[in-house]
Amino acid sequence: MATGVGQFSPKRSFEKRGEETSRFMKKIEVVRGGALKAGYSTPGIVRDKAFESTHRYIVVSRTRASGGAMSGWHHHGTRHLYGFQLAGRMRLEFGSRRVDAVVVRQGDFFHIPPRLVHRDVNPDEQQEFVVVNILIGRGEPVINVEGPQAGIVLSSKKRSDKRRRLRKTS
Numbered sequence: 001m002a003t004g005v006g007q008f009s010p011k012r013s014f015e016k017r018g019e020e021t022s023r024f025m026k027k028i029e030v031v032r033g034g035a036l037k038a039g040y041s042t043p044g045i046v047r048d049k050a051f052e053s054t055h056r057y058i059v060v061s062r063t064r065a066s067g068g069a070m071s072g073w074h075h076h077g078t079r080h081l082y083g084f085q086l087a088g089r090m091r092l093e094f095g096s097r098r099v100d101a102v103v104v105r106q107g108d109f110f111h112i113p114p115r116l117v118h119r120d121v122n123p124d125e126q127q128e129f130v131v132v133n134i135l136i137g138r139g140e141p142v143i144n145v146e147g148p149q150a151g152i153v154l155s156s157k158k159r160s161d162k163r164r165r166l167r168k169t170s
């Protein structure tokens, strides 16, 4: 039986295999809370990065907002955002014609789909909120826009319907 990287002969001792394995084994990486780097922020919100994979496909960060803070309207392009509310409460406002909202409480998980224009609001005047975010996908992590109608991507059917309506009125 040939032996090489990642292949071990059953005749080798356990200790020898352990020594050889440690040379090739990946390690657990820890980023301390005080060692986070500036993340992709939105006005009113501070984001600090813990991890960012090659080509920014996955970004893991911590988001903080002081009491009463409100972010600007933004979306995350083609990325999915998954989050966990670590402390405080957060109201996520979204919607194109009228503003809908959900309240995320401490211990809750949430998901924001790609291109959903929203803003983060801290409804508590006295308490900061803290969220752990995981952004997954390609493209810019944060795209700031003017308001809830901005940045909305219509499906191809809705685009063609809109073109037909525009032609009829001209």
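Heads up: the sequence shown at position 117 corresponds to 117 in this note's numbering, and the numbers run straight through without jumps. The beta-carbon is built from N, C-alpha and C at its ideal position, and this holds for glycine as well. Please read all numbers here as calculations on a predicted model, not as lab measurements.
Once the 5 residues before and after Phe110 are set aside, which same chain residues still bring their CB inside 6 Å of it? Gly83 and Val104
With a CB to CB cut of under 6 Å and the five nearest residues on each side skipped, what residues in its chain are close to Gln149? Ser96
Work out the CA separation of Ile45 and Glu125 for me, nearest whole Å. 15 Å
Quick check: what's the CA-CA separation for Gln85 versus Asp100? 19 Å
Proximity to Gln106 [Cα-Cα], best of Arg32, Ile143, Glu146 and Ala87: Of all alpha-carbon atoms in Arg32, Ile143, Glu146 and Ala87, the one lying nearest the alpha-carbon of Gln106 is that of Ala87.
Answer yes or no: do Asn144 and Leu81 have a C-beta to C-beta separation smaller than 8 Å? no
Cutoff 8 Å; reference Asp108; Cβ partners in own chain excluding five residues on either side: Cβ within range, chain order: Phe84 and Gln85.
Check the C-beta distance from Pro141 over to Arg79 and give it rounded, since I have them as a contact under 8 Å. 7 Å
Alpha carbon to alpha carbon, how far is Ala117 from Ala35? Note on identity: in this sequence residue 117 is Val, with Ala being the wrong assignment. Approximately 30 Å, taken between the alpha carbons.
Report yes or no: is there a C-beta of chain D within less than 8 Å of the C-beta of Phe109? This model lacks chain D altogether; it includes just one protein chain.
At the level of alpha carbons, what is the spacing between Val30 and Arg56? Distance between the alpha carbons of Val30 and Arg56 is about 18 Å.
Please name the residue in Ser61, Gly33, Arg119 and Gln127 whose C-alpha comes closest to that of His74. Arg119
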